[in-house]
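Asker:
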Amino acid sequence: MSGCLEKEFVFQFKNGSQKSCLTVPLSLPLECSARDLRGRLVAAHNLPCYVEDELLQQLEEFITVETSKLQDENAENSLKVLDSGEKSVEDKAESWAQAFSRVKS
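Note that full-length UniProt numbering has the sequence shown beginning at 1, numbered continuously upward.
Quick look at the structure:
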């Protein structure tokens, strides 16, 4: 993926008779697991333990959907570059081969 994206994650929950809302900016793709992020959010914002499972479920869904959108957007942009003729298929294949070689090393 060529780019990152910052999206706001909103989590609403009831705390007794009060409704509470947690809004957190997340950089996608996420560099840690949803479970790790949940632990950090619970600790940083003093969230009650009874919301942990729901928070994890909503985090995982949010991360999956938004990361998929980002990947689709990046793929679409790559196809547009190929269609516009700015880079040939051979140039693109060569850059992917080099990137793969660096990752594998």
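Ideal placement from N, C-alpha and C gives every residue a C-beta, glycine not left out.
1) Would you say threonine 23 and glutamate 6 are within 9 Å of each other, going by their C-beta atoms?
2) Please say whether leucine 47 and leucine 37 have beta carbons closer to each other than 9 Å?
3) How far does the alpha helix (DSSP H) with lysine 69 in it reach, from first residue to last?
4) Helix, strand or coil, according to DSSP, for leucine 47 in the structure here?
5) What does a CB cutoff of less than 6 Å around serine 17 pick up in its chain, not counting 5 residues either side in sequence?
6) Relative to the C-alpha of serine 78, which candidate in Ser95, Phe100 and Ala43 has its C-alpha closest?
7) Could you tell me if valine 81 is buried or exposed, where buried requires 16 or more neighbouring beta carbons within 10 angstroms of its beta carbon?
8) Starting from the C-beta of serine 27, find all residues in its chain whose C-beta is less than 6 Å away, skip the five residues before and the five after it, and write them out in chain order.
Answerer: According to the structure data:
1) Translated into the one-based positions of the sequence shown, residue 23 becomes position 23. Translated into the one-based positions of the sequence shown, residue 6 becomes position 6. In this structure, glutamate 6 does not lie closer than 9 Å to threonine 23 by Cβ.
2) By one-based count along the sequence shown, residue 37 stands at place 37. By one-based count along the sequence shown, residue 47 stands at place 47. No, they are not a contact pair.
3) For the purposes of this step, residue 69 is identified with residue 69 of the sequence shown, where counting begins at 1. Looking at the DSSP string, the run of the alpha helix (DSSP H) that includes lysine 69 is 52-84.
4) The sequence position of residue 47 within the sequence shown is 47, counting from 1. It is coil, neither helix nor strand.
5) The residue labelled residue 17 in the question sits at position 17 within the sequence shown. Excluding sequence neighbours, serine 17 sits near nothing in its chain.
6) Within the sequence shown, the letter at position 78 stands for residue 78. Ranking Ser95, Phe100 and Ala43 by Cα distance to serine 78 puts Ser95 first.
7) Taking the first residue of the sequence shown as 1, we reach residue 81 at position 81. By the 10 Å Cβ count, valine 81 comes out exposed.
8) Your numbering for residue 27 matches position 27 in the sequence shown. If we look at serine 27 and ignore the five residues flanking it on each side, its Cβ neighbours are Cys4 and Glu6.
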